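The block underneath contains the structure these notes are about, expressed in structure tokens.
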Amino acid sequence: MIGELENMGADWYAQRGFTSEMVRRARAWYLQFLPKPGDLLDVGCGRGEFLDAASEANHQVTGVDHDPSMIAAAGHLNIHENHVLDYLQTTSNLYDAITAFHVIEHLEIRDASAFIRLAADRLRPGGRLIIATPNPGSLPTITHEFWRDPTHVRPYDRELIEYLTTTSGLTTESAGVNPE
Numbered sequence: 003m004i005g006e007l008e009n010m011g012a013d014w015y016a017q018r019g020f021t022s023e024m025v026r027r028a029r030a031w032y033l034q035f036l037p038k039p040g041d042l043l044d045v046g047c048g049r050g051e052f053l054d055a056a057s058e059a060n061h062q063v064t065g066v067d068h069d070p071s072m073i074a075a076a077g078h079l080n081i082h083e084n085h086v087l088d089y090l091q092t093t094s095n096l097y098d099a100i101t102a103f104h105v106i107e108h109l110e111i112r113d114a115s116a117f118i119r120l121a122a123d124r125l126r127p128g129g130r131l132i133i134a135t136p137n138p139g140s141l142p143t144i145t146h147e148f149w150r151d152p153t154h155v156r157p158y159d160r161e162l163i164e165y166l167t168t169t170s171g172l173t174t175e176s177a178g179v180n181p182e
């Protein structure tokens, strides 16, 4: 049963109304925060909507996702089937940017801390780590929407994410709400 929940994949998100076009539009907003075109790693990349948008903006893209059904839906993209922590522990690649859209809320605090430390180690000097997560300051999000996904472990607010990034040697350049 646990394995089934961990790999709910494309069907779960499609049933919830998360079409590829909707996800692509929401993720494209983050392109403005990437450094100049360079090497990008998108962890928890799902169907690769952000990878497509970043590739069109001349970034060299790599994705990581643990769900084979999501990777299959991504088709042509360079995506590794792996857990984010395992990938970051074993890769020697360095990146100009690492993105994690709606990943951290699926991790226990010790794994979230490890993820941020590992990501910081895989960034080139001046590189950026971009994290997006549901807003726990939104009453509808935290009381209803957040817990509809049975794979969510805990919410992470801005202050906790900033603490985890700061203790990993990173600084926060900006934080806010995605209008998409």
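The sequence shown begins at 3 in this note's numbering and counts up by one. Every residue gets a Cβ at the ideal spot worked out from N, C-alpha and C, and that includes glycine. What you are looking at is a predicted structure, and each value in this text was computed from that prediction instead of being measured.
*Please name the residue, chosen from W149, T174, D151, that lies closest to E161 on a Cα-to-Cα basis.*
Distance from the Cα of E161 is smallest, within the candidate group W149, T174, D151, for T174.
*Span of the beta strand (DSSP E) holding I132?*
I132 -> beta strand (DSSP E) spans 125 to 134.
_Environment of H146 [buried if 16+ CB atoms lie within 10 Å]_ = exposed
*Can at least three beta-carbon pairs, one atom from the region 93 to 109 and one from the region 127 to 139, be found at a separation below 8 Å?*
yes
*DSSP state of E110, grouped into three classes?*
coil
*Quick one: is I118 buried, meaning 16 or more other Cβ sit within 10 Å of its Cβ, or exposed?*
When all chains shown are included, I118 counts as buried.
*Between which two residues does the alpha helix (DSSP H) carrying D188 extend?*
Look at the range of the chain in this structure, 3 to 182, and you will see that residue 188 is not part of it.
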